[in-house]
Amino acid sequence: MHDLRMVRDQIDALREGMRRRGALKKLGPLIDRAAELDRNRRLTIQAVEERKAERNAASQSVARLKRAGENADDVQKRSRELGEEISRLDSELAETEISLNGILLELPNINLDVVPEGGEENNAIVRTWGEPREARAVKPHWEIGEALGLIDFQRGAKISGSGFIVFRSEGARLVRALMSFMLDLHTRQHGYEEVWVPIAVNRASMTGTSQLPKFEDDMYRLAEEDMFLIPTAEVPVTNLYRDEILNASDLPKALTAYSPCFRREAGAAGKDTRGLLRVHQFDKVELVRYAIPETSNDELELLTGHAEKVLQLLELPYRVVRLAAGDTGFASAHTYDLEVFAPGVGAWLEVSSCSNFTDFQARRAGIKYRPVEGGKPRFVHTLNGSGLAFPRIIAAIFEHHQQPDGSVVIPAALRPYFGAERLG
RNA sequence: GGAGAGAUGGCCGAGAGGCUGAAGGCACCGGUUUGCUAAACCGGCAUACGUGGAAACGCGUAUCGAGGGUUCGAAUCCCUCUCUCUCCGCCA
Numbered sequence: 000m001h002d003l004r005m006v007r008d009q010i011d012a013l014r015e016g017m018r019r020r021g022a023l024k025k026l027g028p029l030i031d032r033a034a035e036l037d038r039n040r041r042l043t044i045q046a047v048e049e050r051k052a053e054r055n056a057a058s059q060s061v062a063r064l065k066r067a068g069e070n071a072d073d074v075q076k077r078s079r080e081l082g083e084e085i086s087r088l089d090s091e092l093a094e095t096e097i098s099l100n101g102i103l104l105e106l107p108n109i110n111l112d113v114v115p116e117g118g119e120e121n122n123a124i125v126r127t128w129g130e131p132r133e134a135r136a137v138k139p140h141w142e143i144g145e146a147l148g149l150i151d152f153q154r155g156a157k158i159s160g161s162g163f164i165v166f167r168s169e170g171a172r173l174v175r176a177l178m179s180f181m182l183d184l185h186t187r188q189h190g191y192e193e194v195w196v197p198i199a200v201n202r203a204s205m206t207g208t209s210q211l212p213k214f215e216d217d218m219y220r221l222a223e224e225d226m227f228l229i230p231t232a233e234v235p236v237t238n239l240y241r242d243e244i245l246n247a248s249d250l251p252k253a254l255t256a257y258s259p260c261f262r263r264e265a266g267a268a269g270k271d272t273r274g275l276l277r278v279h280q281f282d283k284v285e286l287v288r289y290a291i292p293e294t295s296n297d298e299l300e301l302l303t304g305h306a307e308k309v310l311q312l313l314e315l316p317y318r319v320v321r322l323a324a325g326d327t328g329f330a331s332a333h334t335y336d337l338e339v340f341a342p343g344v345g346a347w348l349e350v351s352s353c354s355n356f357t358d359f360q361a362r363r364a365g366i367k368y369r370p371v372e373g374g375k376p377r378f379v380h381t382l383n384g385s386g387l388a389f390p391r392i393i394a395a396i397f398e399h400h401q402q403p404d405g406s407v408v409i410p411a412a413l414r415p416y417f418g419a420e421r422l423g
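Just so you know, numbering that gives the first Met the number 0 puts 82 at position 83 of the first sequence, and the rest follows in order with no gaps.
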């Protein structure tokens, strides 16, 4: 969410930000409407507060008069009239603020200057690591998974539905190995605190990290409780400090969490439906950092490096892509996607999206810090990225580390966790 | 699920319609004193919005779990909800 002052004092910058995302046509009128609502809001506030001040003074004189044993009927009458005006103006104000807030919640973050404007076609490859293996004679991961008895797609669909899968035997063990491997790496080598969090969260949390109000249809909702299954551990982990003020000495704060993630993928029907590329439930180890504004750019590089380290240790070739403005997520100011090459499907698969949200989520979620002892609190900057998402990593391992005989070599770094050198 | 108790500033805790943005204590910050440390003493110490100001800061409004109500006036009375604790039941 943007500071209301953006609408007031920097409306051109706001408009420019939307233009760079290619969203000005759609959001420009909303911005104008917000500016108008802001003017109304301030006029109404002035009117209502004037009357409240007068009423407060009147109540004081009632108290004085009564103590002196004098008649206060006139003052009480005036005060009652003021009260009626106040409740009228208050509800007018509430309406204005609801509309205004509704618009603010719909405006995406403004991208940093390094981010190319425009859509996906302007995404820029920043660097690549490793050699993509030739696709010839490499089976896609779903064939390997089924041939080796590691993934059971049919029964996943039977017990839940399409897009739900079952890992079994060494496949299930591989999931568990990845979990421990990634968490150990980030806690022991990269300095993250491990957290274990709820995977069903309330509306306020979903709003804090910007999944709501815009993306309600993409999530599984528990109707009775009005709760949501998380699409990423970003939600509970970032909301850990919602409505709190941190000390400067707490920053940067680095948290990592394993969690299952749930996505309805509404509107993605027919896209990447085979295998592990797009499933409704998957596992992920998430990295979240809270930083002071001055260092958040560096923090993004650091966090991206931590996610990259996982791919390097898994010996999987990947590239780092700086997303163009129109392709960055709603809340993000700057995003690097990590894409791993999967020769079986012949595609670069997004396995992590590392983003600097600047103060956008922090303002929504009310996460502040005190720069100096006794100083005024400021909003923190929040960052996160997957480190990493399991299914596509598994797909990449199956395909990239596949041997001519159809077996799969487990990367050395994972062997202590997996307990064997190969699958099949 | 049933019965009861509770929610006040960073923390503890008073307050029971007006004199309370909120006593007192702790913590924290600044100062005085002091071989050092500690102690003692003095002072400071919430957030948001609006408004004036270059700024320091001033003024106004709101905030005692959340929302509604009663009243000229609510931390205080009433209603609803949320959360915490205790006991009972059920249960991995």
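Heads up, the beta-carbon is just placed ideally off N, CA and C, and yes, glycines get one too.
- Message: Just to confirm my understanding: we take residue 51, look at its own chain, exclude 5 residues before and 5 after, and list those with CB closer than 7 angstroms. What are they?
- Response: Here the set comprises 85.
- Query: How would you label residue 159, buried or exposed, when you count the other beta carbons within 10 angstroms and need 16 or more for buried?
  - Reply: Residue environment for residue 159: exposed (fewer than 16 other C-beta atoms within 10 angstroms of its C-beta).
- Find out if the Cβ-Cβ distance for the pair residue 341, residue 399 is shorter than 8 angstroms. If you check the CB distance, residue 341 and residue 399 come in under 8 angstroms.
- Task: Alpha carbon to alpha carbon, how far is residue 104 from residue 16? Give it in angstroms, no decimals.
- Result: Rounded to the nearest angstrom, the two C-alpha atoms are 15 angstroms apart.
- Contact under 8 angstroms by Cβ, residue 189 with residue 279: For the 8 angstroms CB-CB criterion, residue 189 and residue 279 do not form a contact.
- Task: Take the Cβ of residue 124 as the centre, count every other Cβ of all protein chains shown within 10 Å, and call the residue buried at 16 or more, exposed below.
- Result: So residue 124 counts as exposed.
- Query: To which residues does DSSP link residue 381 through a beta bridge?
  - Reply: 289.
- Message: residue 286 and residue 444 - do their beta-carbons sit closer together than 8 angstroms?
- Response: In the structure as shown, the chain begins at 0 and stops at 423. Residue 444 is therefore absent and cannot be evaluated.
- Query: Mapping DSSP to helix, strand and coil, what is residue 230?
  - Reply: Residue state, collapsed to three classes: coil.
- Item | C-beta contact flag for residue 331 and residue 388 at 8 angstroms | With contacts defined as CB atoms closer than 8 angstroms, residue 331 and residue 388 fail to qualify as a contacting pair.
- Query: Do you know how far the Cα of residue 221 is from the Cα of residue 397?
  - Reply: As the crow flies, the alpha-carbon of residue 397 is around 35 angstroms from that of residue 221.
- Task: Assign residue 1 to one of three DSSP states: helix, strand, or coil.
- Result: Secondary structure at residue 1: coil, using DSSP grouped into helix, strand and coil.
- Task: Give the straight-line distance between the Cα atoms of residue 353 and residue 78, rounded to the nearest whole angstrom.
- Result: For residue 353 and residue 78, the distance between alpha carbons rounds to 57 angstroms.
- Round the Cβ separation of residue 173 and residue 393 to the nearest angstrom and send it over; I've been treating them as touching at under 8 angstroms. Rounded, the Cβ-Cβ distance is 6 angstroms, consistent with contact.
- Task: Specify, as a first and last residue, the run of the beta strand (DSSP E) that residue 124 falls within.
- Result: Its beta strand (DSSP E) spans residues 123-128.
- Item | Of the residues 289, 294, 381, 275, the one placed nearest residue 349, counting alpha carbons only | For the residues 289, 294, 381, 275, the minimum Cα distance to residue 349 belongs to 275.
- Query: Going by DSSP, which residues form a beta bridge with residue 192?
  - Reply: Residue 192 is bridged by DSSP to 254.
- Message: For residue 53, report the span of its alpha helix (DSSP H) as first-last.
- Response: 23-66 is the extent of the alpha helix (DSSP H) around residue 53.
- Task: Determine which residues share a DSSP beta bridge with residue 151 and list them.
- Result: Secondary-structure assignment with DSSP links residue 151 through a beta bridge to 165.
- In this structure, does DSSP put residue 340 in helix, strand or coil? The answer is strand: DSSP assigns residue 340 an E or B state.
- Message: For residue 323 and residue 114, which I take to be in contact (beta-carbon distance under 8 angstroms), what is that distance rounded to the nearest angstrom?
- Response: Confirmed, about 7 angstroms.
- Could you spell out where the beta strand (DSSP E) holding residue 319 opens and where it closes? Where residue 319 is concerned, the enclosing beta strand (DSSP E) stretches over 317-321.
- CB residue 108 to CB residue 378, shorter than 8 angstroms? Taking 8 angstroms as the Cβ cut-off, residue 108 and residue 378 do not qualify as a contacting pair.
- Task: Provide the residue span of the beta strand (DSSP E) that contains residue 352, from first to last.
- Result: Per DSSP, residue 352 belongs to the beta strand (DSSP E) from 346-355.
- Query: Candidates 88, 320, 241: which alpha carbon is nearest residue 41's?
  - Reply: The shortest C-alpha separation from residue 41 is found at 88.
- Report yes or no: do three or more beta-carbon pairs, one from the segment 59-72 and one from the segment 139-149, lie closer than 8 angstroms? Result no; under three Cβ-Cβ pairs closer than 8 angstroms.
- Between which two residues does the beta strand (DSSP E) harbouring residue 244 extend? Residue range 243-246 is occupied by the beta strand (DSSP E) that includes residue 244.
- Query: So, residue 111 versus residue 1, is the Cβ gap smaller than 8 angstroms?
  - Reply: Going by C-beta atoms, residue 111 is not nearer than 8 angstroms to residue 1.
- Under a three-way DSSP split, which group does residue 417 fall into? In this structure, residue 417 counts as helix in the three-state DSSP scheme.
- Status (buried if at least 16 other CB within 10 Å, exposed otherwise) for residue 290: Counting Cβ neighbours within 10 Å, residue 290 comes out buried, since at least 16 surround it.
- Quick one: Cα of residue 131 to Cα of residue 180, how far? Here the alpha carbon of residue 131 sits roughly 23 angstroms from the alpha carbon of residue 180.
- Item | Check whether residue 219 and residue 211 have beta carbons under 8 angstroms apart | No, the Cβ-Cβ distance between residue 219 and residue 211 is not below 8 angstroms.
- Task: Assign residue 369 to one of three DSSP states: helix, strand, or coil.
- Result: Correct three-state label for residue 369: strand.
- Task: Select from 251, 413, 97, 92 the residue whose C-alpha is nearest the C-alpha of residue 315.
- Result: Among 251, 413, 97, 92, the Cα nearest to that of residue 315 belongs to 413.
- Cβ-based burial, residue 282 [other Cβ within 10 Å; buried from 16]: Within 10 angstroms of the beta-carbon of residue 282 lie 16 or more other beta-carbons, which makes it buried.
- Which whole-angstrom value is the C-beta distance of residue 391 and residue 319, which I expect to be below 8 angstroms? About 16 angstroms separates the beta carbons of residue 391 and residue 319, which is beyond the 8 angstroms limit, so they are not a contact pair.
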